[in-house]
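Colleague:
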Amino acid sequence: MAGNLIIISAPSGAGKTTLVREVVKRDRGVRPSVSYTSRAPRDKERNGIDYFFVTRDEFEAMVERGEFIEWAYVHANLYGTARRQVEESLKFGYDVLLAIDVQGAEQIRKIFPDSISVFILPPSYEALIERLGCRGDNDDEDLKLRLRNALDELSDYSRFDYLVVNEDLVRATDELMSIIVAERCRRKKRVWAAEKIINTFRK
Ligand code: 5GP
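Per the numbering used here, the sequence shown starts with residue 5, numbered consecutively.
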């Protein structure tokens with residue numbers, strides 16, 4: 005049975021990356037997709053784990069070859085999700101988490117109408133500034149750009165199936181886990197299990 009494709013979007017600094025990491029730690033049935041980006045790695049980021057870091061030319065060549073299921077220009081850099089990685093994980097029954105921006109979310113909804121989308125909100129503007137400032141790895145221009153883009157991104161929340169406010173990490177992780185688990189229990193995902201059980205009664 006194929007897994008679910010779960011889109012997670014949020015303005016920069018809302019804690020999406022940490023939340024995804026927490027969920028992956030808790031549930032072995034969930035796999036994050038590792039995106040490709042033309043942005044330079046931050047301090048502790050590792051190639052192949054946080055992102056696949058590529059040059060702009062390499063990224064554009066991948067676009068030409070149709071290797072992305074979605075890609076977008078975000079905060080002055082290119083980001084994309086590799087088709088093969090996602091399709092393979094889904095085929096093996098994993099739920100795949102796509103931590104992508106709102107433009108990518110829109111593209112995925114069109115190609116995968118059954119995908120599930122979750123929007124993560126920061127508790128307030130002040131909290132977002134504090135988190136972005138604390139990250140300590142954004143230069144001033146980058147920080148300003150991310151804050152300017154935040155309102156646009158937040159305004160997109162109405163297109164998402166679920167909303168999670170990330171005020172408290174444990175609670176937000178619980179909520180995200182609940183969404184993932186509930187989606188696995190949908191009837192259409194469980195028909196095969198129900199039929200298998202019913203067949204044992206027919207012997
Ligand atoms: P950051 O530079 O902070 O890691 O990411 C900036 C933004 O790009 C975030 O909103 C993040 O979710 C988004 N992003 C990361 N990977 C992808 C991707 O593969 N596709 C799209 N559309 N956005 C992505």
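Every residue gets a Cβ at the ideal spot worked out from N, C-alpha and C, and that includes glycine.
In the DSSP assignment, find the alpha helix (DSSP H) that holds residue 108 and state where it starts and stops.
Modeller: Mapped onto the sequence shown, residue 108 falls at position 104. That run of the alpha helix (DSSP H) goes 106-115.
Colleague: Can you find at least 3 beta carbon pairs, one from the segment 129-144 and one from the segment 72-83, that sit closer than 8 Å?
Modeller: Touching, no.
Colleague: Is there contact here, the segment 149-160 with the segment 13-28, by at least three beta-carbon pairs under 8 Å?
Modeller: As far as the Cβ criterion goes, the segment 149-160 touches the segment 13-28, which means the pair count is three or higher.
Colleague: According to the neighbour-count rule (16 or more other Cβ atoms, all chains shown, within 10 Å of its Cβ), is residue 171 buried or exposed?
Modeller: In the sequence shown, counting from the first residue as 1, residue 171 sits at position 167. Exposed, because fewer than 16 other Cβ atoms sit within 10 Å of the Cβ of residue 171.
Colleague: Would you give the residue range spanned by the alpha helix (DSSP H) that residue 74 belongs to?
Modeller: On the sequence shown, residue 74 is found 70 positions in, with the first residue counted as 1. That residue, residue 74, is in no alpha helix (DSSP H); its beta strand (DSSP E) goes 72-78.
Colleague: Which residues does DSSP pair with residue 56 in a beta bridge?
Modeller: For the purposes of this step, residue 56 is taken as the residue at position 52 of the sequence shown. Its beta-bridge partners are 40.
Colleague: Going by Cα to Cα distance, which pick from 40, 121, 179, 62 is closest to residue 9?
Modeller: In the sequence shown, counting from the first residue as 1, residue 9 sits at position 5. When each option's Cα is compared against that of residue 9, the closest is 121.
Colleague: Rounded to a whole number of angstroms, what is the C-alpha to C-alpha distance between residue 98 and residue 33?
Modeller: To locate residue 98, count along the sequence shown from 1; it is residue 94. To locate residue 33, count along the sequence shown from 1; it is residue 29. Computed Cα separation, rounded: 5 Å.
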